[in-house]
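Have a look at the structure below before the remarks.
In the numbering used here, the protein residues as written are 12 to 328.
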């Protein structure tokens, strides 16, 4: 079945709401926001061409630059936890998931895993080709960790996968319909092979990666608790304070920087979703004890005040 969405025939005042609905219908419940420093979005353009077959779901997406996230709220509302494998044909993006931040340029492949929160910043107008792979098909083939070592693929098989996805984008629908089972299995195998770099880690490295993710998961679950601190994480995971800091440093984080960034992102989403809710209430609900401190940190991070963010209309991927 063909599914198409485009902002071209939509009133400019309604384009962002339309786009938000479009990406959520095409993929999973997503939370789009304007790109950092972007204020005039009336001319936003975006289009999706999707082909949804019984064994193969592919899409071509093009749009102006913006940011989009899958939040814990979106995860709670979605059905299933698919992976989205994206071949970037034009533009560049920053992808953040599982505490890892990676950059993809034109020709790169990045993957987001809908089992956990992620965010993607499209820095400029872009085009990409996407294939959806279900959780139960791909995750068992990703080793003990059950996930890819990085959002941007670089392992064995990546070049072949890049060429294969590029070829699929140009194939007639009739051929894809006839070969969908074979095409899908080839894609799954190539993605699993491309992510197999984690299999080359030493046991201690794998153990550290798993423990680091457990620490990040605990932090993410407790972001709204104002009493969240390193001692709480260490107690829950039965690890030392120095080991926790070492785990976080391996992902170029400190405890304070990771918590601050995650809380600020949560507040930014809440400000856009709940425009009538007082800023002080939102700040305190995400663990900021002083609204003045929150305002300063927010302005330093996003280049605008919380009130100015509310003047922007959400848009999407």
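We put the CB at the ideal spot given by N, CA and C, even for glycine.
Nearest to residue 256 by alpha-carbon distance, out of 232, 223, 160, 275, is 223. About 4 Å separates the Cβ atoms of residue 143 and residue 68, confirming a contact at the 8 Å cut-off. In the DSSP assignment, residue 37 falls within the alpha helix (DSSP H) that extends over 26-37.
Shown here for residue 157: same chain residues with a beta carbon closer than 7 Å to its own, the five before and five after excluded, namely 150 in chain order. The beta-carbon separation of residue 163 and residue 179, rounded to 20 Å, does not stay under the 8 Å limit for a contact. With a contact defined as Cβ atoms closer than 8 Å, residue 57 and residue 75 qualify at about 7 Å. Ranking 206, 267, 140, 283 by CA distance to the CA of residue 174 puts 140 first.
At a Cβ-Cβ threshold of 9 Å, residue 131 and residue 78 count as neighbours. Following the DSSP letters along the chain, one finds residue 13 in no alpha helix (DSSP H) but inside the beta strand (DSSP E) bounded by residues 13-17.
Counting only runs that start and end inside the segment 274-302, the alpha helix (DSSP H) elements of at least 4 residues fall at 290-296. Looking from the CA of residue 92, the closest CA among 271, 146, 110 belongs to 146. For residue 311, the secondary structure class from DSSP, reduced to helix, strand or coil, is helix. In this structure residue 185 is exposed. Its beta-carbon is surrounded by fewer than 16 other beta-carbon atoms within 10 angstroms.
Contact annotation: residue 234 and residue 277 have beta-carbon atoms nearer than 9 Å.
Per DSSP, residue 199 lies in no beta strand (DSSP E) segment; the continuous alpha helix (DSSP H) that holds it begins and ends at 184-205.
Note that the C-beta distance between residue 54 and residue 103 is not below 9 Å. In the displayed model, residue 252 falls within a helix according to three-state DSSP. With fewer than 16 neighbouring CB atoms inside 10 Å of its own CB, residue 311 falls in the exposed class.
Residue pairing by DSSP places residue 94 opposite 124, 144 in a beta bridge.
Residue pairing by DSSP places residue 78 opposite 44, 132 in a beta bridge. Note: residue 57 is bridge-paired with 74 in the DSSP secondary-structure output. Inter-residue distance for residue 81 and residue 252 is about 30 Å (C-alpha atoms, whole angstroms). Under DSSP, residue 115 forms a beta bridge with 104. Residue pairing by DSSP places residue 139 opposite 72, 99 in a beta bridge. In the assembly as shown, residue 221 is an exposed residue. Its beta-carbon has fewer than 16 other beta-carbons within 10 Å. For residue 225, the CB contacts under 8 Å within the same chain, skipping 5 residues up- and downstream, are 248 in chain order. Buried is the label assigned to residue 43, since at least 16 other Cβ atoms lie within 10 Å of its Cβ. Exclusion of the five residues before and after residue 120 leaves 96, 97, 98, 99, 163, 164, 169, 172, 173, 176, 205 as the residues of its chain whose Cβ lies within less than 8 Å of its Cβ.
A straight line joining the alpha-carbon of residue 287 with that of residue 35 spans about 24 Å. In the structure shown, residue 21 falls within a coil segment according to DSSP collapsed to helix, strand and coil. By the criterion of a C-beta distance shorter than 6 Å, residue 302 is surrounded in its chain by 291, 294, once the five residues flanking it on both sides are discounted. Secondary-structure assignment with DSSP links residue 62 through a beta bridge to 13, 69.
With respect to the 9 Å criterion, residue 246 and residue 282 are not classified as neighbours on the basis of their beta carbons. The beta-bridge partner set that DSSP reports for residue 163 consists of 121.
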